Amino acid sequence: MVSIRPATIDDLPAMQHANLCCLPENYQMKYYLYHALSWPQLLYVAEDYGGKIVGYVLAKMEEDSEQKHGHITSLAVLRSHRKMGVATKLMQAAQHAMEETFGAEYVSLHVRVTNRAAFTLYHDTLGYRIHETESKYYADNEDAYMMRKMFDISLKKEEDKRRKANAIKDKDKDSPDTPAKKPAASAALELPDEPEQPSSSASMGSRGGDTPSPMVMGLVQCPPDVIARQADEANTPQGGNQNDLDEDAAKKNKRKKKKKK
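What follows is the structure in structure tokens.
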């Protein structure tokens, strides 16, 4: 009969002994003490019916990351108590404390690529997934799988994000198309204010040399020489220009003089 309980300071020597018996990665006592003082909720031991420590899990919180998450530093179970579900229970206890006590979104760990037994436990039994492979992670230059397991709080956040994104898409589909704004009319195309009607003498000009006022035709202003020519034509009687009339008058005067003689 093996029970799982939180570790105490008095359990640290037995935890270190189990580590030396099971793993090539060993730690000094101050490393265990650092974990026990910093994250006492994340250290668990497996104790048999005689009070002997037969396994442990050493874990911590990664506080410098953008996502709050835990990390499994070390897991060991004596050979005499393997294949009894002890490692699974130790891992589940630490994971539960990470999520409930610290609000971790996921937990990570490293495992040697050649450690098939540990990989099967993490991947098949506990649901971890390979996040990346870190080259020469261990002291003997062996590669490591960096694995992660997402907690319910993280999965819930992802589901909320997807739900909100889908709601925004549905809202955009249901909303009517926004009518395109009409371009503002160019100032050059705006009709000018209707000018006051000029007097007859001003619009037609005079022989005294008065300058005719400009004529606005639609949107085009007539040049001054055109306006002057139009004014002269308007003042000229029908039937010919002024020179022709003067010549006709001179011929009539000559005829009158001949008759008198």
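In the numbering used here, each number is its position in the sequence shown, counted from 1, plus 151.
All C-beta atoms in this analysis are idealised placements derived from N, C-alpha and C, irrespective of residue type, glycine included.
Keep in mind the model is a prediction, meaning the values are calculated, not measured.
With DSSP as the reference, identify every bridge partner of residue i, one or two as the case may be.
i           : result
residue 222 : 211, 259
residue 206 : 197, 228
residue 297 : 261, 283
At which residues does the alpha helix (DSSP H) containing residue i begin and terminate?
i           : result
residue 251 : 237-253
residue 270 : 267-271
Mark residue i as exposed unless 16 or more other C-beta atoms lie within 10 angstroms of its C-beta, in which case mark it buried.
i           : result
residue 246 : buried
residue 231 : exposed
residue 276 : exposed
residue 244 : buried
residue 349 : Any reading at residue 349 must be qualified, since the residue scores a pLDDT of 48, below 50, and its modelled position is unreliable; no value is offered.
residue 299 : buried
residue 339 : Caution is warranted here: a pLDDT of 46 is assigned to residue 339, below 50, making its placement in the model unreliable, and the coordinate value is therefore given only provisionally. With fewer than 16 other Cβ atoms within 10 Å, it is exposed.
residue 152 : exposed
residue 170 : buried
residue 226 : buried
Determine, using beta carbons only, whether residue i and residue j come nearer to each other than 8 Å.
i           : j           : result
residue 302 : residue 257 : yes
residue 179 : residue 252 : no
residue 210 : residue 224 : yes
residue 259 : residue 212 : no
residue 265 : residue 283 : no
residue 249 : residue 221 : yes
residue 229 : residue 205 : yes
residue 304 : residue 254 : yes
residue 208 : residue 195 : yes
residue 295 : residue 285 : yes
Measure how close the beta-carbons of residue i and residue j come, nearest whole angstrom, since I'm counting them as under 8 Å.
i           : j           : result
residue 163 : residue 184 : 6 Å
residue 197 : residue 155 : 6 Å
Just reading off the beta strand (DSSP E) that residue i is part of, what are its end residues?
i           : result
residue 157 : 153-157
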